[in-house]
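In my numbering, the protein residues as written are 6 to 788.
The beta-carbon is built from N, C-alpha and C at its ideal position, and this holds for glycine as well.
See below for the structure under consideration.
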């Protein structure tokens with residue numbers, strides 16, 4: 006082994022603490038890069054494979070009623086390769102408890118031919134009898150139902166007994182929520198069951214007809230063009246909604262998760278790699294400075310500048326190789342586990358395509374090695390300025406100067422001797438102090454993000470369901486009724502405030518951009534819907550025109566005063582041009598709002614009502630089951646319970662992010678402190694001669710770090726706020742708008758956590774102080 010290589014191993018052994026700390030930072034960065042990218046790619050591949058396996062529909066349509074005899078005609082449309090008619094209707098699942106609500110959506114299975122959006126059978130077999138049903142896996146698990154289990158549903162006031170013939174998964178319900186207003190899944194409250202076509206048509210009132218159509222189209226056909234063709238063909242059947250697969254709630258949630266995940270997968274790793282490279286550059290620069298005499302000896306012995314630079318760069322390269330190997334291998338192993346969490350917990354996907362993608366492993370190794378080699382060269386470049394003859398003598402210490410605070414005698418004379426040393430060292434080691442302060446600021450900012458995300462999630466929910474919506478119950482009616490019926494329903498359950506609403510899907514167009522959304526018609530001066538503009542200022546719902554949520558307005562690229570075209574799916578209705586009179590803040594979901602009277606006159610019919618919102622302290626929810634027109638009832642209390650269950654799943658990701666930021670802060674403070682100790686051996690030896698013991702010296706270093714931590718946190722506050730602002734703009738979408746003011750308490754909590762990371766790193770350097778040979782430090786010698 007060459008002499009320089011032997012010395013390299015001794016150098017690694019001597020600085021093993023620093024070596025390991027930086028290697029861990031690099032490994033964490035590459036672990037996140039490999040694991041996140043491979044997880045998201047596996048999730049995307051799994052979803053696409055699942056769609057192919059189950060022959061998932063390309064286009065979906067909800068209609069009032071279409072006769073069976075018309076299906077063959079639809080199949081003859083150029084570009085349509087398959088079509089199924091289905092009966093879909095929500096019914097009540099009889100829980101045996103009047104206070105517990107549960108809805109099951111019954112969907113018919115075609116009796117013959119190609120089945121579009123077929124079920125993936127987990128256990129059991131398809132229904133052979135009319136009283137058999139295949140249940141969605143998540144609902145069956147939540148209700149503790151298995152193959153052979155019996156339960157009852159309520160259809161038109163009559164109880165029907167059903168037997169579970171199979172447990173299944175379905176590509177249309179990867180994310181199990183009832184509609185866009187539900188937002189969060191509650192498997193015990195909403196599920197899906199698949200029954201025979203004969204049962205659905207006879208029991209649900211659709212004899213020889215359907216209320217849903219699903220289409221498969223040729224892959225070369227433009228989906229939007231096909232939707233326009235289909236709309237004209239089936240308009241006479243009373244189209245309620247017509248949309249493509251990407252507009253399915255489940256597909257939108259999966260696609261949004263993948264989209265946002267890819268942003269994180271490319272930002273977080275680069276941040277860790279940059280920090281690791283910066284630490285390496287500073288660390289090698291300090292080592293080169295301390296090895297000045299040794300480097301002079303090497304040059305005198307005949308080693309070239311390039312030989313010596315490469316010697317120190319190999320130190321960085323070994324960090325890169327070891328960190329990259331650890332990061333990519335652990336990332337590849339973790340990717341399948343994360344993908345499994347997605348398919349089993351977040352989404353309901355019965356298969357998993359878990360592949361290892363060599364390109365990400367290779368890229369991780371290249372990234373890690375490149376960052377480290379560049380950092381090594383940058384840190385070792387000072388070798389070029391070292392001349393053998395001059396380097397044989399120790400470097401002359403810098404000329405000491407009075408710092409600014411020394412001129413303030415009133416203050417300086419009151420400062421103790423040890424604190425004077427601390428303050429002088431902080432002002433005289435500007436580069437080291439700047440490095441530590443910025444490192445602590447970055448640690449604070451990264452730690453702030455997960456705390457903000459959790460706080461923002463709670464605030465967004467509270468803003469929507471505590472400020473914007475203040476009703477206790479939202480009732481969906483099974484058919485259109487007159488406004489007077491809506492008030493009668495409210496009187497039956499003893500509500501204090503009763504308001505009829507209209508909720509109906511329309512397509513909103515602006516130029517080439519369009520979106521199918523539910524438009525809600527709200528009464529004048531509503532007591533249960535409260536709107537604010539994009540500046541957070543309360544505004545009334547305009548009496549005319551349409552109000553769009555901020556996410557929807559951004560998607561359509563419209564502003565107040567612009568006109569949008571509303572396309573109706575109701576037969577005989579022409580498109581309407583309506584002015585956007587307000588853009589409102591809505592944290593969760595995407596909607597449009599109109600005055601109920603104006604909406605009825607413009608888009609529907611006078612008196613058209615299909616929902617009721619109620620508010621009251623003594624509402625008798627048990628009466629809902631006895632009222633003929635009530636299709637479903639959703640309470641704010643139920644939403645809160647679902648939200649509490651959902652948030653428990655997010656804590657693990659928050660903990661992971663905090664641990665990662667802790668590793669970053671530890672590495673920065675630990676390496677900086679160790680470098681400081683190595684540079685100041687002579688200073689500490691002199692202090693020992695003056696009577697300071699090792700604990701006193703450790704306290705001085707601790708004080709320095711606490712001062713730098715204080716300023717680091719101060720700088721970290723605006724840095725964190727800037728990162729939050731960037732994240733809000735980047736991660737906001739049509740489904741949710743992250744626009745929440747930060748709670749001061751999260752800054753305090755983040756500051757405490759940052760201080761904890763610094764203290765842990767500080768105490769990890771205590772052993773270094775204990776092992777310092779202060780007598781040896783006074784000798785000028787080459788080790």
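Within its own chain, the residues whose Cβ lies closer than 7 angstroms to the Cβ of residue 333, once the five positions on either side in sequence are excluded, are 35, 39, 366, 369 and 370, listed in chain order. Judged by DSSP in its simplified three-state form, residue 139 adopts strand. A Cβ-Cβ contact shorter than 9 angstroms links residue 554 with residue 595.
Residue pairing for residue 554: DSSP places it in a beta bridge opposite 589.
The alpha-carbon of residue 709 is positioned some 23 angstroms away from that of residue 752.
Residue 148 is a Cβ neighbour of residue 98, given a cutoff of 9 angstroms.
Taking a contact to require three or more Cβ pairs closer than 8 angstroms, the region 581-598 and the region 467-481 qualify as touching. Assignment of residue 570 by DSSP, reduced to helix, strand and coil, places it in the strand class. The alpha-carbon separation between residue 380 and residue 768 amounts to approximately 28 angstroms. In the structure shown, residue 470 adopts helical secondary structure according to DSSP, grouped into three states. The alpha-carbon of residue 389 is positioned some 20 angstroms away from that of residue 283. In this structure, DSSP gives residue 90 an extended state, which the three-state scheme calls strand. By a beta-carbon distance limit of 8 angstroms, residue 373 does not contact residue 421. Their separation comes to about 46 angstroms. The C-beta separation of residue 551 from residue 585 comes to about 6 angstroms, placing the pair in contact by the 8 angstroms criterion.
Cβ neighbours of residue 487 within its own chain (closer than 8 angstroms, five residues either side excluded): 612 and 614.
In the three-state DSSP reduction, residue 436 falls in the helix class (H, G or I).
Shortest Cα-Cα distance from residue 174 to any of 205, 209, 131 and 161 involves 131.
Short of 6 angstroms from the beta carbon of residue 534, and not among the five residues preceding or following it, lie these beta carbons of its own chain, in chain order: 527. The residue among 320, 515 and 522 with its C-alpha nearest the C-alpha of residue 562 is 515. In the DSSP assignment, the residues bridged to residue 509 are 524.
In this structure, the straight-line span from the alpha carbon of residue 138 to that of residue 59 is close to 19 angstroms.
The three-state reading of DSSP puts residue 320 in helix, counting H, G and I together. Across the set 345, 92, 760 and 539, the C-alpha of 92 shows the shortest separation from the C-alpha of residue 202. A distance of 9 angstroms or more separates the beta carbons of residue 502 and residue 641. In the structure shown, residue 125 falls within a strand segment according to DSSP collapsed to helix, strand and coil. For residue 460, same chain residues with a beta-carbon under 6 angstroms away, outside a window of 5 residues either side, are 748 and 751 in chain order. Here residue 600 is buried, its C-beta having at least 16 other C-beta atoms within 10 Å.
Collapsing the DSSP output to three states places residue 130 in coil. Restricting attention to beta strand (DSSP E) runs no shorter than 3 residues, the region 408-466 encloses none.
Rounded to the nearest whole angstrom, the C-alpha separation of residue 430 and residue 357 is 57 angstroms. Relative to residue 351, the option among 683, 79 and 143 whose CA is nearest is 143. Around the beta carbon of residue 107, 16 or more other beta carbons sit within 10 angstroms, so the residue counts as buried.
Between residue 408 and residue 417, the alpha-carbon positions lie close to 11 angstroms from each other. Excluding the 5 residues flanking it on each side, residue 314 has same chain C-beta neighbours closer than 7 angstroms at 382, 385 and 388, in chain order.
Between residue 120 and residue 218, the alpha-carbon positions lie close to 12 angstroms from each other.
Under DSSP, the beta-bridge partners assigned to residue 174 are 125.
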